[in-house]
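Its first residue numbered 1, the sequence shown is counted upward by one per residue in UniProt numbering.
All residues carry an ideal CB built from backbone N, CA and C; glycine is no exception.
Since the structure comes first, as structure tokens, the remarks are kept for the end.
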Amino acid sequence: MTSLPDLTRYDAVLFDLDGVITPTAEVHMHAWRSMFEQLFADWRIAPPYTDSDYFDHLDGKKRYDGVAALLRSRDVEVPWGEPDDAPELDTVCGIGNRKNVVFSRVLREEGIQAYPGTMRVLDILDAAGVPAAVVSSSKNAEDVLAAAGIRHRFGVVMDGVVAEREHLPSKPAPDVFLVAAQMAGVEPSRTAAVEDAISGVQSAAAGAFALVVGVDRGAGAAALQDAGAHVVVSDLAEFADAHDASSGPGAS
Ligand SMILES: [Mg+2]
Numbered sequence: 001m002t003s004l005p006d007l008t009r010y011d012a013v014l015f016d017l018d019g020v021i022t023p024t025a026e027v028h029m030h031a032w033r034s035m036f037e038q039l040f041a042d043w044r045i046a047p048p049y050t051d052s053d054y055f056d057h058l059d060g061k062k063r064y065d066g067v068a069a070l071l072r073s074r075d076v077e078v079p080w081g082e083p084d085d086a087p088e089l090d091t092v093c094g095i096g097n098r099k100n101v102v103f104s105r106v107l108r109e110e111g112i113q114a115y116p117g118t119m120r121v122l123d124i125l126d127a128a129g130v131p132a133a134v135v136s137s138s139k140n141a142e143d144v145l146a147a148a149g150i151r152h153r154f155g156v157v158m159d160g161v162v163a164e165r166e167h168l169p170s171k172p173a174p175d176v177f178l179v180a181a182q183m184a185g186v187e188p189s190r191t192a193a194v195e196d197a198i199s200g201v202q203s204a205a206a207g208a209f210a211l212v213v214g215v216d217r218g219a220g221a222a223a224l225q226d227a228g229a230h231v232v233v234s235d236l237a238e239f240a241d242a243h244d245a246s247s248g249p250g251a252s
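Following this line, the structure appears as structure tokens:
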């Protein structure tokens, strides 16, 4: 077995958020379910919403496209509306914005736990004085980090809000990773990046980061490698285990 690279040897480690630091997909699934169960009941739409609707119509799609696809599956059509529609409006955009309100409420009420393996790696980096940063496409990144109680762990948070303000193209373009490195004052050639999505791995690889780690939460190890990951793990606990084994009693 080839040993994993030592993450404490890099000048910084940049982490994607959803699927790398937190299991955010579960909160999105919950929010979609709550929102559509209510809407289907109010509008007497049948058959009722199920979790397979999430995978068939919502997962991986832009929010408004997902709303339109799911309603279409029930032969329901509403006007598209505008992105700044109020969440009470029964337009595709209004319903999509309603989901975001429910997402924030679920996050507030139930909180979210970071992956234990990622927390162990953050502790190891912290002890070694290696800064960690977040590079996420999400506009909810600050809320998610706060709900998980880990915002203070990251000096730099490059998220969808900052990217929009700075007019940065989204992943797979390398810009968000490159600007995050710049904000953290580190060189990509001495920095590691960790991603679970194909487009995210492509983004970090295009930025020529010294190490691109793929975390396989379902994308598949081969696909992550093809996208440019130097190493693929199923959970960051593998890095923590390797670190503990090499720094434990008797290690030279
Ligand atoms: Mg992700």
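Quiz item: Any heavy atom of ligand 1 closer than 6 Å to the CB of residue 255?
Solution: Limits of the chain in this structure are 1 at one end and 252 at the other, which puts residue 255 out of reach.
Practice problem: May I ask whether a heavy atom of ligand 1 can be found less than 6 Å away from the beta carbon of Ala197? | Solution: Residue side-chain check: Ala197 places its Cβ nearer than 6 Å to a non-hydrogen atom of ligand 1.
Self-check item: Val156 beta carbon less than 7 Å from that of Ala133
Solution: Yes, these two residues count as a Cβ contact at 7 Å.
Practice problem: Would you identify the three-state DSSP class for Ala242, choosing helix, strand or coil? | Solution: The answer is helix: DSSP assigns Ala242 an H, G or I state.
Practice problem: Could you check the C-alpha separation between Glu187 and Ala127 for me, to the nearest Å? | Solution: The C-alpha of Ala127 is placed about 21 Å away from the C-alpha of Glu187.
Quiz item: Smallest Cα separation from Pro172: which of Met183, Leu224 and Arg190?
Solution: Check the Cα spacing between Pro172 and each of Met183, Leu224 and Arg190: the tightest is with Leu224.
Exercise. Would you check if the distance between the CB atom of Ile45 and the CB atom of Arg72 is smaller than 7 Å?
Key: No, they are not a contact pair.
Quiz item: Do Met35 and Arg98 have their C-beta atoms closer together than 7 Å?
Solution: A Cβ-Cβ contact shorter than 7 Å links Met35 with Arg98.
Quiz item: Taking 6 Å as the cut-off, does the CB of Gly19 come closer than this to any heavy atom belonging to ligand 2?
Solution: Here the bound small molecules are ligand 1; ligand 2 is not part of this structure.
Quiz item: Say the cut is 6 Å; is the CB of Asp143 nearer than that to a heavy atom of ligand 1?
Solution: Not so, every heavy atom of ligand 1 lies at least 6 Å from the Cβ.
Self-check item: Exposure label - Ser252; buried when at least 16 CB within 10 Å
Solution: Bear in mind that the predicted position of Ser252 carries a pLDDT of just 48, short of 50, making it too unreliable to give a figure here.
Exercise. In the DSSP assignment, find the unbroken alpha helix (DSSP H) run with Val215 in it and report its ends.
Key: If you look at Val215, you'll find it isn't in any alpha helix (DSSP H); it sits in the beta strand (DSSP E) that goes Leu211 to Val215.
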